[in-house]
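Protein chains: 2
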Amino acid sequence: MSDQTTELQTETEDDAYVLGPKAIAAILYAVDIEDQAKLTELMEPLHAADIADLLEQINAFDRSRLVRLYDREFDGEILSELDEAIREEVIAVLTPQVLTQAVRDMDSDDVVDLVEDLEDDQQEAILDALEDVDRAAVEQALGYPEYSAGRLMQREVVMAPEHWTVGEAIDYLRSTPEEELPDQFYHIVIVDPRLHPVGNVTLGKLMRSKRETRLMDLLEETFQIIPVLQDESDVAYAFNQYHLISAPVVDDEGRLIGVITIDDAMAVLDEEHEEDILRLAGVGEGSLSDRVIDTTKQRFPWLAVNLVTAIAASLVIAQFEAALAQIVALAVLMPIVASMGGNAGTQSLTVAVRAIATKDLTGANVWRVIRREVLVGLINGMIFAVIMGIVGLIWFGSPALGYVIATAMVINLVVAGLAGTVIPVVLDRAGVDPALASGAFVTTVTDVVGFFAFLGLAAAVLL
Amino acid sequence: MSDQTTELQTETEDDAYVLGPKAIAAILYAVDIEDQAKLTELMEPLHAADIADLLEQINAFDRSRLVRLYDREFDGEILSELDEAIREEVIAVLTPQVLTQAVRDMDSDDVVDLVEDLEDDQQEAILDALEDVDRAAVEQALGYPEYSAGRLMQREVVMAPEHWTVGEAIDYLRSTPEEELPDQFYHIVIVDPRLHPVGNVTLGKLMRSKRETRLMDLLEETFQIIPVLQDESDVAYAFNQYHLISAPVVDDEGRLIGVITIDDAMAVLDEEHEEDILRLAGVGEGSLSDRVIDTTKQRFPWLAVNLVTAIAASLVIAQFEAALAQIVALAVLMPIVASMGGNAGTQSLTVAVRAIATKDLTGANVWRVIRREVLVGLINGMIFAVIMGIVGLIWFGSPALGYVIATAMVINLVVAGLAGTVIPVVLDRAGVDPALASGAFVTTVTDVVGFFAFLGLAAAVLL
Numbered sequence: 001m002s003d004q005t006t007e008l009q010t011e012t013e014d015d016a017y018v019l020g021p022k023a024i025a026a027i028l029y030a031v032d033i034e035d036q037a038k039l040t041e042l043m044e045p046l047h048a049a050d051i052a053d054l055l056e057q058i059n060a061f062d063r064s065r066l067v068r069l070y071d072r073e074f075d076g077e078i079l080s081e082l083d084e085a086i087r088e089e090v091i092a093v094l095t096p097q098v099l100t101q102a103v104r105d106m107d108s109d110d111v112v113d114l115v116e117d118l119e120d121d122q123q124e125a126i127l128d129a130l131e132d133v134d135r136a137a138v139e140q141a142l143g144y145p146e147y148s149a150g151r152l153m154q155r156e157v158v159m160a161p162e163h164w165t166v167g168e169a170i171d172y173l174r175s176t177p178e179e180e181l182p183d184q185f186y187h188i189v190i191v192d193p194r195l196h197p198v199g200n201v202t203l204g205k206l207m208r209s210k211r212e213t214r215l216m217d218l219l220e221e222t223f224q225i226i227p228v229l230q231d232e233s234d235v236a237y238a239f240n241q242y243h244l245i246s247a248p249v250v251d252d253e254g255r256l257i258g259v260i261t262i263d264d265a266m267a268v269l270d271e272e273h274e275e276d277i278l279r280l281a282g283v284g285e286g287s288l289s290d291r292v293i294d295t296t297k298q299r300f301p302w303l304a305v306n307l308v309t310a311i312a313a314s315l316v317i318a319q320f321e322a323a324l325a326q327i328v329a330l331a332v333l334m335p336i337v338a339s340m341g342g343n344a345g346t347q348s349l350t351v352a353v354r355a356i357a358t359k360d361l362t363g364a365n366v367w368r369v370i371r372r373e374v375l376v377g378l379i380n381g382m383i384f385a386v387i388m389g390i391v392g393l394i395w396f397g398s399p400a401l402g403y404v405i406a407t408a409m410v411i412n413l414v415v416a417g418l419a420g421t422v423i424p425v426v427l428d429r430a431g432v433d434p435a436l437a438s439g440a441f442v443t444t445v446t447d448v449v450g451f452f453a454f455l456g457l458a459a460a461v462l463l
Numbered sequence: 001m002s003d004q005t006t007e008l009q010t011e012t013e014d015d016a017y018v019l020g021p022k023a024i025a026a027i028l029y030a031v032d033i034e035d036q037a038k039l040t041e042l043m044e045p046l047h048a049a050d051i052a053d054l055l056e057q058i059n060a061f062d063r064s065r066l067v068r069l070y071d072r073e074f075d076g077e078i079l080s081e082l083d084e085a086i087r088e089e090v091i092a093v094l095t096p097q098v099l100t101q102a103v104r105d106m107d108s109d110d111v112v113d114l115v116e117d118l119e120d121d122q123q124e125a126i127l128d129a130l131e132d133v134d135r136a137a138v139e140q141a142l143g144y145p146e147y148s149a150g151r152l153m154q155r156e157v158v159m160a161p162e163h164w165t166v167g168e169a170i171d172y173l174r175s176t177p178e179e180e181l182p183d184q185f186y187h188i189v190i191v192d193p194r195l196h197p198v199g200n201v202t203l204g205k206l207m208r209s210k211r212e213t214r215l216m217d218l219l220e221e222t223f224q225i226i227p228v229l230q231d232e233s234d235v236a237y238a239f240n241q242y243h244l245i246s247a248p249v250v251d252d253e254g255r256l257i258g259v260i261t262i263d264d265a266m267a268v269l270d271e272e273h274e275e276d277i278l279r280l281a282g283v284g285e286g287s288l289s290d291r292v293i294d295t296t297k298q299r300f301p302w303l304a305v306n307l308v309t310a311i312a313a314s315l316v317i318a319q320f321e322a323a324l325a326q327i328v329a330l331a332v333l334m335p336i337v338a339s340m341g342g343n344a345g346t347q348s349l350t351v352a353v354r355a356i357a358t359k360d361l362t363g364a365n366v367w368r369v370i371r372r373e374v375l376v377g378l379i380n381g382m383i384f385a386v387i388m389g390i391v392g393l394i395w396f397g398s399p400a401l402g403y404v405i406a407t408a409m410v411i412n413l414v415v416a417g418l419a420g421t422v423i424p425v426v427l428d429r430a431g432v433d434p435a436l437a438s439g440a441f442v443t444t445v446t447d448v449v450g451f452f453a454f455l456g457l458a459a460a461v462l463l
């Protein structure tokens, strides 16, 4: 790939790495006039990941025409970069021969990544396309649980025994046939006689050292071993925390069975974050490429939960119908207290969910964090109490109403800080993803407390 | 570092990489009895990143005692792993000699990372501790804008001219003194006579090839050049999109001046995500280590914006005082419509903000995405309209009230889909970070439309 890529992609500084509208128009025109040569020429400088993005952004009709015309050039890398929904659509369009060729060129961990989310019949078609030894490797990886280190690792590992010298390692690397080595590797894993990994040596050190130097004298300082069943989010955490470039994966007897590299860990970190953001917003697993009906289904349950929450809040309001009937100002002001509580609760909640994910909120500091959030709620509550007390007084000319809304504000912001921290911590300890469920609970608490405090105080003070 | 780390850290499967309560208690006990030898022994197996996490999680009193007792062992890596607020506190406790020693051992890009957020006097103290040549390198890096590739890159690059063979490259690597090479490197950058990078060769390929092979015949397929002023978020995007391990950085004349490696890009990706999540929740730049007063200040502006939004919604409600005074059921039901709209709007908004960040929402598909979100809002709106229509009918025995709330629900969910997509797109085009500002706008729209549609329809139909 050459500099051309950069030129084609970046038409303005602002949109680095976005394929410009002119480039897309040229490609779609080539598809329109069915000019295969022109299409191939336009697509040639593009990276597989950019082709995948292009396919995701055009409509289904253009997409299927483009894939058909590009057919013979289509490779496995484009497939693995595609969004799940679009990937199934594209695989259905590709001819069996092209599909076979595409997957045969891929590393086994990439094939795993490609097939693990496919429907059974498409998965079968791709596995059938593989040679026996590759198929066995892919099936073995699929035997590990989803989202485990076993699914992430590549099985091709460069290893050397403890007693080897630099010279022996270099000779071994030079004499091993290309297909037995990983596509890219940066370390040699040193193993003891039971195949337990004892350390890493970087290729840079290997290359710069004398042939007679012992590998054991060149070990890197930072070295982490990943158990094959470890959750992929913990794998990503370890890479980020310890600045790892690659890490050996071991089975439950501690024997080396694969290696995970940082590029895969980075992709997992990216997905985990994405998932957290979407879950916090109640979107589930959505992507822009999903069909309208799928997106509607994904969002429905979250809205349904919110409806229950909202009805619960309404039931609280209904207890105070008498007060509302007498003082209509209460109906005007009551959403303010609930809304401020909901926002403050979301703030505390988001910080807590993130801190749990980054392992910054632990048993060692949970009480201090809760106390801190409550204090922040108290201080901001008092400030907004004063502001709203004045607004209430001026707007409706009633000091008592100002006092009621001010007090309710303090109560609700303190409760928001408390609920926003305690709820995700409790959910996490109970084994529930706090990003997934905390929002609904926290909002229920702040809505109910907000309406109850405001209307209850109003009923007591004003009637 | 050895396997010990893993044992000490992971007391249960669930809490991989979290320092257990027993380990923390032992360390704090050593601090209590001022047993320096024991403390050093307990801390020895810990990675700098874990020591930093430990310091962040204990209270300020224990922290300053621990740092004082650990003093001589304290290294620069721990400092760079620390949260900003805690870092300043720790630097203030360290003796100048320890600080000098700590920063002299660090790579120039790590020193940049360490000092860029410090107060001026602390920054000066650390720069003074550096040797002249390192100081110059750090100051030059600080000359590039914050969050640019120039701040991320390391200046030590391994490069070779186009005409070199594998043998020449290996001999060069073996004869270059250790301190002129980066700590870790995985590629050799090939440059033309004007120092423009033309490609990468991996050390693995170099090592496995014959001495007489030309480097130009070993170039990697994927190769991206990073302009020194490029925003670090685009750098992280490029690494993730193109699966880069390292990438050369060029000045505005295209000359090679540094290199960025994937571990730094991964750290940026992590920070960018964190920032997006916190901004979407209206938390700004918060961290658990900030003081209560700082956190209160960070959260205040967002709550203030929300207060304005809430008051705007209240002003809408106030227009319908007559209707509310006559039919108290309206006050009970009205928060439901607003709340459902707010949630649906947040769903659309979050998907749009993420799609903009990942460059999946572009000029090429923006209209299709908007149409899609509106359709999803329409379908879910109709489903919840039926549900709420029935609830309203049963609860208050009024078919007209059921009709009013059902119609308002459809209107608000359609508007939520529209506003949740259009607002972030427009903010992005205007150069405002959509994660930062969209939430307040979208909630204002859904609150105002929700109350207006429900109360307005009620006033028209029921009075």
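Chains as they are written, first to last, in UniProt numbering: chain L, 1 to 463; chain D, 1 to 463. Where is the CB? At the ideal position from N, CA and C, for every residue including glycine. Note that the structure is predicted; figures quoted are calculated from it, not measured.
Just to confirm before moving on: does the CB-CB distance between residue i and residue j stay below 7 Å?
i	j	result
D/T165	D/E212	yes
D/G417	D/V376	yes
D/A318	L/V404	no
L/L127	L/R135	yes
L/A344	L/L455	no
D/G76	D/D32	no
D/R299	D/A435	no
L/M159	L/V138	no
D/P335	L/A323	no
L/G342	L/T446	yes
D/A149	D/V235	yes
L/V111	L/V103	yes
Take the Cβ of residue i as the centre, count every other Cβ of all protein chains shown within 10 Å, and call the residue buried at 16 or more, exposed below.
i	result
D/Q9	Here the model assigns D/Q9 a pLDDT of 42, short of 50, so the residue's position is not dependable, and the following value carries that caveat. Flag for D/Q9 reads buried.
L/N240	buried
D/A460	exposed
D/R72	exposed
L/R429	exposed
D/D50	buried
D/L315	exposed
L/R194	exposed
L/F451	buried
L/H243	buried
L/P301	exposed
residue 466 of chain L	Outside the shown range of chain L, which is 1 to 463, sits residue 466 of chain L, and nothing can be said about it.
L/F74	buried
Given that residue i touches chain D, what residues does it touch there, using C-beta distances under 9 Å?
i	result
L/I245	Q184, Y186, I245, T261, I262 and D263
Whose Cβ in chain L lies nearer than 8 Å to the Cβ of residue i?
i	result
residue 469 of chain D	Because chain D spans 1 through 463 in this model, residue 469 of chain D falls outside it and cannot be assessed.
D/R368	N59
Run down chain L in chain order and give the residues with a C-beta less than 7 Å from the C-beta of residue i.
i	result
D/V283	Q347, T350 and V351
D/L173	M207 and R208
Determine the extent of the beta strand (DSSP E) in which residue i is found, giving its start and end residues.
i	result
L/V249	S246 to V250
D/M159	M159 to P161
What residue range does the alpha helix (DSSP H) around residue i cover?
i	result
L/V305	V292 to A318
L/G258	Note, L/G258: premise wrong, no alpha helix (DSSP H); beta strand (DSSP E) at L256 to T261.
D/I78	G76 to E81
D/F454	P434 to L462
Quick one: which chain D residues come within Cβ less than 8 Å of residue i?
i	result
residue 508 of chain L	Since the displayed chain L opens at 1 and closes at 463, residue 508 of chain L lies outside it and no answer follows.
L/F300	N380 and I383
Give me the chain D residues within the contact set of residue i, using Cβ-Cβ distance strictly less than 7 Å, ordered along the chain.
i	result
L/I423	Going along chain D, no residue has its Cβ under 7 Å from L/I423, so there is no contact; the nearest lies around 15 Å.
L/S339	N306 and A310
Entirely within the stretch 174-221 of chain L and at least 4 residues each: give me those alpha helix (DSSP H) ranges in chain order.
-> 203-208
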